[in-house]
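In the working numbering, the protein residues as written are 1238 to 1335. The beta-carbon is built from N, C-alpha and C at its ideal position, and this holds for glycine as well. For clarity, every value in this text was computed on a predicted model and none was experimentally measured. Structure record follows, encoded as structure tokens.
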């Protein structure tokens, strides 16, 4: 068997500690930016949903107010009919509670 002399190994192409440290710092910054972007997206999406919900609630309130005014007008113009309807509804509810 032929012995080969011990030669020093060629330098590895592994990154140095400084390179790894810089890459980790870059990753930390990227993660921080991504976290901020996701947070901002969530805030803006929540704000849009809030504005939409407020608009729908205002529209519902206006519609309900209009219907209440219509009922009040009808009752003032037709008190006997309104009284009859109220009595019938009360009678039916009374039967349902038995």
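Asked, Found
"I need the boundaries of the alpha helix (DSSP H) containing residue 1285, first residue and last residue.", "1254-1314"
"Give the straight-line distance between the Cα atoms of residue 1325 and residue 1335, rounded to the nearest whole angstrom.", "16 Å"
"Distance, Cα to Cα, residue 1307 vs residue 1291?", "24 Å"
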